[in-house]
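S.K.: Dropping a structure here in C-alpha cells format, bear with me for questions.
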Amino acid sequence: MLQLQTYLLLLLTGIMWGGVYLLMASGLNLIYGVMKVVNLAHGDFIVVAGLLAVSLYGAFRAGPALAIPVATLLFLLVGGLIYRGLLARVETTAPQGELRTLLITFGLSSIISNIALLIWGGQYQSVPFFQSAVHLGALFFPESLLVSSLLAFALAFAVQLWLTRTRSGRLVRATAQSELGAASCGLNTGRIRLLTFALGAAMAGAAGALTVVLIPVQAASGGFMTVQAFTLIALGGLGNYLGALLAAILLGVIEVSSSYFLGASAASAVIYVIFILVLIVRPQGLLGQRGRI
Amino acid sequence: MRQRHFRLTFPARRATRLFKQAGAWLIFGVAAVAGVLIALFGNGDQAQLLFSTCLFVVLAYAWNIISGLSGYVSFGQVGFFGIGAYVAATCQIAWQWDWYLAALGAVLAAVVLALPLGTVMLRLQGIFFALGMFGLSHIGALIATSTPLVGGSMGEPVPIVGSTQETALVMLVCAVGSVLLTAWLLRSPLGLRLLALRDDEKAAEASGVNTNASKVVAFCLSAGLAALAGALYVWNVGFIDPGSAFNNTYELQTILMVLFGGIGTLWGPLLGAVVISLISNALWAQFPQQQQIILGALILIAVIWMPGGLVSLFQRFGWLRRHPVWGPPPMIEAEAPRALFPAAVSSTGEPALRCEEITRRFGGLTALKRVNLEARSGQIAAVIGPNGAGKTTLFNLITGFDRCNGGTIRFGETLLNRLAPYRIARAGIARTFQTCRPFPSLTAWETLLLPALAAGLSKEEAIRAATQMLERLALREQWDASPEGLPPGQLRFLEIGRALMLRPRVLLLDEVMAGMSPEEIHLVHALLREAVAAGCAVVAIEHVVPAIMPIADHVYVLDFGTTIAQGRPDEVLRNPAVIEAYLGTGEEAPVNA
Amino acid sequence: MPELLQLQQVSGGYHGRTVVHEVSLSIAEGEAVAAVGANGAGKTTLLRLIMGQLPPSGGQVFLAGHDLGRLPTFERVRLGIGYVPEGRALFPEMTVEENLEIGAYRASRTELRQRLAYIYQIFPRLQRLRQTRCRLLSGGEQQMVTVGRALMTQPRLLILDEPSTGLAPRVVGELYQALRALHASGLTVFVVEQNAYAALRFAQRGYVFEDGHITRVAPASELLHDPRLVESYVGRASPMASS
Chain A
3 MLQLQTYLLL
13 LLTGIMWGGV
23 YLLMASGLNL
33 IYGVMKVVNL
43 AHGDFIVVAG
53 LLAVSLYGAF
63 RAGPALAIPV
73 ATLLFLLVGG
83 LIYRGLLARV
93 ETTAPQGELR
103 TLLITFGLSS
113 IISNIALLIW
123 GGQYQSVPFF
133 QSAVHLGALF
143 FPESLLVSSL
153 LAFALAFAVQ
163 LWLTRTRSGR
173 LVRATAQSEL
183 GAASCGLNTG
193 RIRLLTFALG
203 AAMAGAAGAL
213 TVVLIPVQAA
223 SGGFMTVQAF
233 TLIALGGLGN
243 YLGALLAAIL
253 LGVIEVSSSY
263 FLGASAASAV
273 IYVIFILVLI
283 VRPQGLLGQR
293 GRI
Chain B
2 MRQRHFRLTF
12 PARRATRLFK
22 QAGAWLIFGV
32 AAVAGVLIAL
42 FGNGDQAQLL
52 FSTCLFVVLA
62 YAWNIISGLS
72 GYVSFGQVGF
82 FGIGAYVAAT
92 CQIAWQWDWY
102 LAALGAVLAA
112 VVLALPLGTV
122 MLRLQGIFFA
132 LGMFGLSHIG
142 ALIATSTPLV
152 GGSMGEPVPI
162 VGSTQETALV
172 MLVCAVGSVL
182 LTAWLLRSPL
192 GLRLLALRDD
202 EKAAEASGVN
212 TNASKVVAFC
222 LSAGLAALAG
232 ALYVWNVGFI
242 DPGSAFNNTY
252 ELQTILMVLF
262 GGIGTLWGPL
272 LGAVVISLIS
282 NALWAQFPQQ
292 QQIILGALIL
302 IAVIWMPGGL
312 VSLFQRFGWL
322 RRHPVWGPPP
332 MIEAEAPRAL
342 FPAAVSSTGE
352 PALRCEEITR
362 RFGGLTALKR
372 VNLEARSGQI
382 AAVIGPNGAG
392 KTTLFNLITG
402 FDRCNGGTIR
412 FGETLLNRLA
422 PYRIARAGIA
432 RTFQTCRPFP
442 SLTAWETLLL
452 PALAAGLSKE
462 EAIRAATQML
472 ERLALREQWD
482 ASPEGLPPGQ
492 LRFLEIGRAL
502 MLRPRVLLLD
512 EVMAGMSPEE
522 IHLVHALLRE
532 AVAAGCAVVA
542 IEHVVPAIMP
552 IADHVYVLDF
562 GTTIAQGRPD
572 EVLRNPAVIE
582 AYLGTGEEAP
592 VNA
Chain C
5 MPELLQLQQV
15 SGGYHGRTVV
25 HEVSLSIAEG
35 EAVAAVGANG
45 AGKTTLLRLI
55 MGQLPPSGGQ
65 VFLAGHDLGR
75 LPTFERVRLG
85 IGYVPEGRAL
95 FPEMTVEENL
105 EIGAYRASRT
115 ELRQRLAYIY
125 QIFPRLQRLR
135 QTRCRLLSGG
145 EQQMVTVGRA
155 LMTQPRLLIL
165 DEPSTGLAPR
175 VVGELYQALR
185 ALHASGLTVF
195 VVEQNAYAAL
205 RFAQRGYVFE
215 DGHITRVAPA
225 SELLHDPRLV
235 ESYVGRASPM
245 ASS
C-alpha cells in the first residue's frame with residue numbers, strides 16, 4: 003500500500019515537474035517552429051528573469067504577481083531588439099545560415115550570463131513564495147510546485163489556443179509551415195518572425211519569473227536549462243506542440259523517479275543521456291509530423 | 002598556340018604564388034623562433050602567456066579539423082580536453098607516470114574513445130551534432146565530478162615537475178605541430194575528402210568517398226589534439242578539477258578564435274588564437290569581470306560582419322590562399338597515349354546494369370512502378386519523360402542515395418540494393434546530378450583528383466589521369482579555378498569529368514546537356530562516344546530531347562513512374578503517347594480563340 | 005487595352021549565373037496568357053523575378069504602370085498579384101478553410117465569408133473538404149486550394165507556376181476549366197507551363213521560352229497547330245545539323 007502511494011506520488015510530482023519543464027521549453031519551441039533557429043540564449047533569458055524576480059522580491063517584497071508581467075514585458079522588448087539588431091542580419095537559408103544564427107545565440111548566451119554574473123553574483127538564489135505544503139488526500143505536495151505547474155499548464159494551453167484559434171496565431175503557424183505560402187498570401191513574414199522571437203523570449207521571461215520560486219538559479223544555470231529545454235522539444239519533435247506536452251510529462255516522471263531512486267546528480271546525467279539517445283534514435287521526435295505548429 | 006601562351010605566363014604566376022605561400026611560412030617560422038626565445042629567456046608571466054596562447058592554438062586547430070575542415074560544428078570538443086586532462090592526471094597521480102607518457106596515454110585514450118563516439122555522433126547533422134556534443138561533454142563533466150579516482154568534485158593537486166618555461170616550450174612545439182598537421186592535411190588526399198564532404202556530402206559519396214570513415218578520422222584527430230592540450234594543461238597548472246577541465250569558457254574561446262581568424266583555413270586558427278589570446282590577456286588585466294562579455298560580443302561581430310574571418314581580409318589580396326593539392330598539373334608530352342578510359346572491360350552489347358521491376362513509393366505517391374531498365378556496355382540509353390516522371394528517382398535508386406521498395410538492381414553479378422553510395426561509385430557506376438553539385442572549396446584539378454584516388458589510382462596515376470582529363474575538357478588553364486568561377490557549361494564538363502575519373506563501367510548522366518550551346522553539346526557527344534568505344538554503358542536522362550537522340554541506341558520514356566514506351570529513338574519519337582506525355586493532352590474542351 | 009503587367013528586359017539568375025536573359029513581355033487587362041517551354045528554360049525563375057523572390061540583375065517590372073522595383077513578395081501580393089508558386093507551398097497542417105482564410109487575413113468577417121463562398125462556388129469539392137488538413141489531400145485538391153488561396157487575396161492578376169505538374173490529365177482538365185471560368189469573369193491570368201497543350205488551349209496568347217529567352221510570341225491557337233512547338237520540346241532533326 004505504501005509502495006503504491008510512493009509510486010502515485012512520484013507520478014503526480016513527475017507530471018507537475020513536466021508542466022514546469024514544458025513552460026520553460028515552450029518559448030524555444032515556438033521560435034524553432036517558426037524560424038528554425040535554436041536560441042541557445044533561451045536558458046539565460048530564464049535565469050535573468052528569475053534573478054530579476056529575486057531582486058524585485060528583495061526590493062519590494064513583490065512576488066510572482068509583479069515579477070511575471072515585468073519580466074514578460076522586458077523580454078518581449080529584449081527579444082524584439084535582438085531579432086532586429088542581430089538575427090535579422092543573417093539569412094537562415096543562405097549557406098551556413100543555420101550555423102551562423104546558432105553562433106550568434108551562442109555568443110549572446112555568453113554575454114547575458116556574464117552580465118548576470120556581474121549584477122547578481124554567482125550564488126544560487128530563489129524567491130521564498132508559496133512555501134507551504136498542500137495535502138491532496140494522503141499525499142503532500144510543495145505549494146510552489148503545485149502553483150507553478152498549474153500556471154504552467156494553463157499558459158501552455160493558452161499558447162496552444164492562441165496558435166490554433168486566433169487569427170494572429172494562425173498567421174504565425176502559416177509562416178512556420180510555409181514561408182513562401184505566407185508571403186504569397188501577402189503576409190509580412192519578416193515582421194512575423196520578429197513577433198515570434200519577441201514572444202518566445204517573453205515566454206522564457208515569464209517562465210523564469212515564475213519557476214524561480216521552485217528552482218533556485220545562479221548566473222551560469224542558463225546552459226543547463228537550454229539543454230533541458232532542447233531535450234524536451236527534441237523528444238517531442240522540434241516545433242511540435244502536442245509532442246512537447248507528451249515529452250514534458252515523460253521527462254518529468256523520469257527525472258523525479260531517477261532522482262528518487264538514483265540520487266540528484268545521477269538524475270541530471272540521465273537528462274543528458276536521454277537527450278543524446280533521442281538525437282540518435284528518434285531525431286524526428288515522438289510524434290513525427292503530427293501536431294506541428 | 003594555347004601551349005605557348007601557357008608557358009609564357011605560367012612561371013611568373015607560379016613565382017608570385019610561391020612567394021605568397023613562402024611569405025606566410027617565413028613569418029610563421031620567425032614567430033616560432035620568437036616563441037622559443039620567450040620560453041628560454043622570458044620571465045614566468047611571459048612564459049605563462051606563451052603557454053596559454055599555444056594551448057589555445059592547439060585547441061583552435063583541434064576544433065578547426067572537425068568543425069572547419071569537415072564542416073561538423075561541435076559545441077563539445079572541450080570534452081576531449083577534459084578527458085585528456087583527467088587521463089593524464091590519473092596517470093600521474095595514481096601510477097606516477099612521467100608527464101610525456103601521461104600525455105601520450107591521454108591522446109591514445111581520447112582517440113580510442115572518439116572512434117565509437119564519432120561513429121555514432123557523426124550520423125547527426127548540423128545543430129543535432131553540435132548540441133549532441135555539448136551534451137556529451139556535460140556527461141563527461143558529471144562523470145568526472147562523481148568519480149572518486151582523482152579528487153571528485155573538489156579536485157586534486159597534480160605534482161608539477163617542470164617549470165613554467167619548460168611547459169611553455171613543450172606547448173609551443175605542440176602548437177607548431179598542430180599547424181604542420183593541418184598543413185599536411187590540406188595537402189593530402191584525406192584533406193581533399195574532408196573539404197569535399199564539407200561542401201557536399203552526397204556529391205562526395207558519388208565521387209567514391211567513404212564520407213563516414215573520413216569524418217571519423219577527422220573526429221579522432223581533433224579529439225587527440227584536444228586531449229594533448231588537456232594533458233599539458235594539467236601539467237602546467239598542477240591541479241585537476243571538473244570545473245576547469247570541462248570548462249565551457251574554453252569551448253567558447255576556441256570557437257571565437259577560429260571564427261575570428263577564419264574557419265576551415267590553414268592560418269585562420271593561428272591568427273585568431275594569437276590575436277584573441279593577446280586581447281583577452283590585456284582585457285583580463287584591465288577588465289577581469291567584463292572579459293567574457295567582450296568576448297561574446299566579439300563572436301557576434303565576427304559572425305555578422307566578418308563571416309570569413311581575418312584570413313579573408315588577406316585572401317582578398319591573394320595572400321594565405323590554400324595551395325591546391327599536388328598542383329599544378331604537369332606538362333605531358335603531346336604524344337603520350339590518352340588513357341582516359343581504361344581498356345574495354347566487357348564486350349559491347351552485354352548488359353552491365355539491370356534494373357528489374359523496381360518500385361519506389363513516397364508516402365501515398367508511387368514515384369516508380371515496376372520499372373525495368375538495362376544498360377548495355379558500349380551503348381547509350383536515353384531516359385526521357387516530363388517533369389515528375391521519376392527519372393531522377395531512378396538514378397538515386399541505382400546509385401544508393403535512395404532505396405527501392407521492391408525490385409532488384411544488379412551490376413554484373415552484384416546486387417546493389419543495399420550497397421552504400423560510395424561503394425557503388427567505386428564499383429564502377431558514376432553519376433552526375435541534375436543541378437550541378439560542385440565542391441566550391443576544391444579547384445577543378447582537385448575535383449578530378451578526388452574520384453581518381455577513390456577509384457584506387459596511385460598518386461602518379463591520378464595526377465596523370467587528372468591532367469589528361471583537364472586537357473580533354475579544355476580546362477587546363479582553369480586548373481586552379483574554383484567551380485564557382487566557372488561558367489555553367491564548363492561546370493557541367495567538370496562534373497562529367499569528375500564522374501569519368503571513377504573509370505566507370507556505367508555512366509549515369511542527369512540532364513547534362515540542358516542549357517548547353519551546340520558547340521558544348523558537340524564536345525559532350527564526342528566524350529560520350531569515346532566512353533562508349535571503351536566499353537562504358539551510358540544512361541542519359543535528358544529533357545532536351547534533341548540533344549540526346551542523335552547518339553542514343555535505346556530510349557526509355559517514363560511518365561508517372563512507369564515506362565510508357567521504349568525502343569529505337571526514331572520509333573519512340575513517332576509514338577503519339579510520347580508526344581502527349583511531353584506536351585500534355587489538355588482536355589476535351591474546345592480551343593479558346 | 006491597358007497593360008496590367010509589363011516586363012522590360014528583365015534578367016536574373018542565381019550565384020552570378022544568368023538564367024533569364026532580357027525578357028520583355030506584356031499582359032493586358034483581362035487577357036489570358038501562357039508561357040510554355042521545356043524544363044530548365046527559365047520559366048520558374050522568370051516568375052520568381054516577377055514576384056520579387058529573386059532580385060533582378062537588370063530590367064524592370066511594371067504593374068499597371070508602376071515600377072515594382074525591389075518590393076518584397078508580400079507587397080506585390082497586396083498590390084494585386086495572386087501567386088500560385090511551384091510546389092504549391094500550402095500550409096500542410098492546417099485545414100482547407102484555414103488555408104483559404106489566411107489568403108484574406110485582413111478582410112472583415114462578412115467579407116471573408118463572401119470570398120469563401122466565391123471560392124467554394126468555383127471549387128465545389130473544397131467545400132466538402134473544408135475541415136480536412138491539406139497534407140491529406142490529393143495533388144489536384146491541393147492545387148485547387150493554392151489557386152483558391154491566391155484568389156482570396158482578390159488579385160487583379162493571377163500568376164500560376166506549373167499548375168499541372170504531377171496531376172493526372174483529367175485533373176488538369178478540371179483545373180483549366182476553373183481557370184477558364186475565372187478568366188471569363190474578368191480576371192487576368194498568366195500561366196507558365198511545361199504542359200503546352202493544356203496551357204495554350206486555355207490562353208489567348210502564348211510565349212515560347214527556350215534557354216531563358218522568349219523565342220516566339222503568337223496567338224495560342226496558332227502555336228497549338230505549329231509543328232515547331234513540338235520540335236522545341238522533342239525535336240525532329242539533329243541539333244548538329246546546323247553546326
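Each protein sequence line maps, in turn, to chains A, B and C.
Under my numbering, residues 3 to 295 are what the first sequence spells out, in order.
Under my numbering, residues 2 to 594 are what the second sequence spells out, in order.
Under my numbering, residues 5 to 247 are what the third sequence spells out, in order.
Where is the CB? At the ideal position from N, CA and C, for every residue including glycine.
Note that the structure is predicted; figures quoted are calculated from it, not measured.
1. Can you have a look at L102 (chain B) and say buried or exposed, based on whether 16 or more other CB atoms are within 10 angstroms of its CB?
2. Please identify the residue among A:L24, A:N31, A:A64, A:N41 whose C-alpha is closest to the C-alpha of V215 (chain A).
3. Please say whether L296 (chain B) and L272 (chain B) have beta carbons closer to each other than 8 Å?
4. Measure the alpha-carbon distance for E531 (chain B) versus A475 (chain B) and round it to whole angstroms.
5. Pair every Cβ in the region 239–250 of chain B with every Cβ in the region 450–457 of chain B, then say whether three or more of these pairs are closer than 8 Å.
6. By the three-class DSSP mapping on this structure, what secondary structure does R569 (chain B) have?
7. Looking only at C-alpha atoms, which of C:E197, C:E105, C:L233 sits nearest to L171 (chain C)?
8. Is there contact between the region 93–100 of chain B and the region 292–312 of chain B, where contact requires at least three CB pairs shorter than 8 Å?
9. L58 (chain A) and V49 (chain A) - do their beta-carbons sit closer together than 8 Å?
10. Using the rule of at least 16 other Cβ atoms within 10 Å of the residue's Cβ for burial, across every protein chain shown, is S189 (chain B) buried or exposed?
11. Taking only beta-carbon atoms, is A271 (chain A) less than 8 Å away from chain B?
12. Classify D200 (chain B) as helix, strand or coil using the three-state DSSP reduction.
13. Applying the 10 Å Cβ sphere with the 16-neighbour rule, what's the burial state of T219 (chain C)?
14. Is it right to say S186 (chain A) is buried, meaning 16 or more other beta carbons lie within 10 angstroms of its own, or is it exposed?
15. Does the CB of R21 (chain C) have a neighbour CB from chain B at under 8 Å?
16. Residues of chain A with CB under 8 Å from M98 (chain C), in chain order?
17. In whole angstroms, what separates the C-alpha of D46 (chain A) from that of Q49 (chain B)?
18. Am I right that V539 (chain B) and V533 (chain B) are in contact with their C-beta atoms under 8 Å? What's the rounded C-beta distance?
19. Name the residue from B:R124, B:L118, B:V88, B:T120 whose alpha carbon lies nearest to the alpha carbon of L109 (chain B).
20. Return no unless some Cβ of chain B is closer than 8 Å to the Cβ of G144 (chain C).
21. Does the CB of P489 (chain B) have a neighbour CB from chain E at under 8 Å?
22. Name the one or two DSSP bridge partners that E197 (chain C) has.
23. Where does E79 (chain C) sit, in a helix, a strand or coil, going by DSSP?
24. If we count Cβ pairs, one from each stretch, closer than 8 Å, do we get three or more for the region 206–225 of chain C versus the region 38–56 of chain C?
25. Let's see if you can read the secondary structure: which residues bound the beta strand (DSSP E) around D165 (chain C)?
26. Quick one: give me the first and last residue of the alpha helix (DSSP H) that N116 (chain A) is part of.
27. On the CB-based measure, 16 or more other CB atoms within 10 Å of its CB, does I430 (chain B) come out buried or exposed?
28. Please report the residue range of the beta strand (DSSP E) in which L369 (chain B) lies.
29. Ends of the beta strand (DSSP E) at R432 (chain B)?
30. With 9 Å as the limit, tell me which residues of the region 98–117 of chain A have their beta carbon closer than that to any beta carbon of chain B; keep them in chain order.
31. Would I70 (chain A) pass as a contact of A208 (chain A) if the rule is Cβ separation under 8 Å?
32. Quick check: what's the CA-CA separation for F95 (chain C) versus I552 (chain B)?
33. For my contact list, S71 (chain B) and L198 (chain B) are in at a C-beta cut-off of 8 Å; report their separation, rounded to the angstrom.
34. Using the Cβ count rule (16 or more neighbours within 10 Å means buried), how would you classify M332 (chain B)?
35. Taking CB distances under 8 Å as the criterion, tell me whether I106 (chain C) reaches chain A.
36. At a cut of 8 Å, does the region 391–401 of chain B reach the region 359–377 of chain B through at least three beta carbon pairs?
M.R.: Once the coordinates are examined:
1. With fewer than 16 other Cβ atoms within 10 Å, it is exposed.
2. Nearest C-alpha to V215 (chain A) among A:L24, A:N31, A:A64, A:N41: A:A64.
3. At a Cβ-Cβ threshold of 8 Å, L272 (chain B) and L296 (chain B) do not count as neighbours.
4. The straight-line gap from Cα to Cα measures roughly 16 Å.
5. The region 239–250 of chain B vs the region 450–457 of chain B: no contact.
6. Coil.
7. With distances taken between Cα atoms, L171 (chain C) lies closest to C:E197.
8. No: fewer than three Cβ pairs fall under 8 Å.
9. Their beta carbons are not under 8 Å apart, which means V49 (chain A) does not touch L58 (chain A) by this criterion.
10. The residue is exposed, with fewer than 16 neighbouring Cβ atoms inside 10 Å.
11. Residue-level contact check: A271 (chain A) touches chain B, since one or more beta carbons of chain B fall below 8 Å from its beta carbon.
12. In the three-state reduction of the DSSP assignment, D200 (chain B) falls in the helix class.
13. Residue burial annotation: T219 (chain C) is exposed, with fewer than 16 other C-beta atoms found within 10 angstroms of its C-beta.
14. So S186 (chain A) counts as buried.
15. Closer than 8 Å: yes.
16. Neighbours of M98 (chain C) across chain A, judged by C-beta separation under 8 Å: R172, R175, A176, Q179.
17. About 33 Å.
18. With a Cβ gap of about 6 Å, V539 (chain B) and V533 (chain B) count as contacting.
19. Among B:R124, B:L118, B:V88, B:T120, the Cα nearest to that of L109 (chain B) belongs to B:V88.
20. No, G144 (chain C) lies away from the interface with chain B (no Cβ there is under 8 Å from its Cβ).
21. Checking the listed chains, one finds no chain E in this structure; the protein chains it contains are A, B and C.
22. Bridge partners of E197 (chain C): C:V40.
23. Annotated three-state conformation of E79 (chain C) is helix, per DSSP.
24. The region 206–225 of chain C, when compared against the region 38–56 of chain C, does touch it at the 8 Å Cβ threshold.
25. That run of the beta strand (DSSP E) goes 161–165.
26. That run of the alpha helix (DSSP H) goes 99–122.
27. Answer is buried; the Cβ neighbour count reaches 16.
28. Per DSSP, L369 (chain B) belongs to the beta strand (DSSP E) from 366–377.
29. R432 (chain B) -> beta strand (DSSP E) spans 430–432.
30. Listed in sequence order: Q98, E100, L101, R102, T103, L104, L105, I106, F108, G109, L110, S111, S112, I113, I114, S115, N116, I117.
31. Contact: yes.
32. So the alpha carbons of these two residues sit roughly 45 Å apart.
33. About 7 Å; that satisfies the 8 Å criterion.
34. Classification of M332 (chain B): exposed, given that the 10 Å Cβ count is below 16.
35. Chain A contact via Cβ: present.
36. Counting Cβ pairs under 8 Å, three or more are found: they touch.
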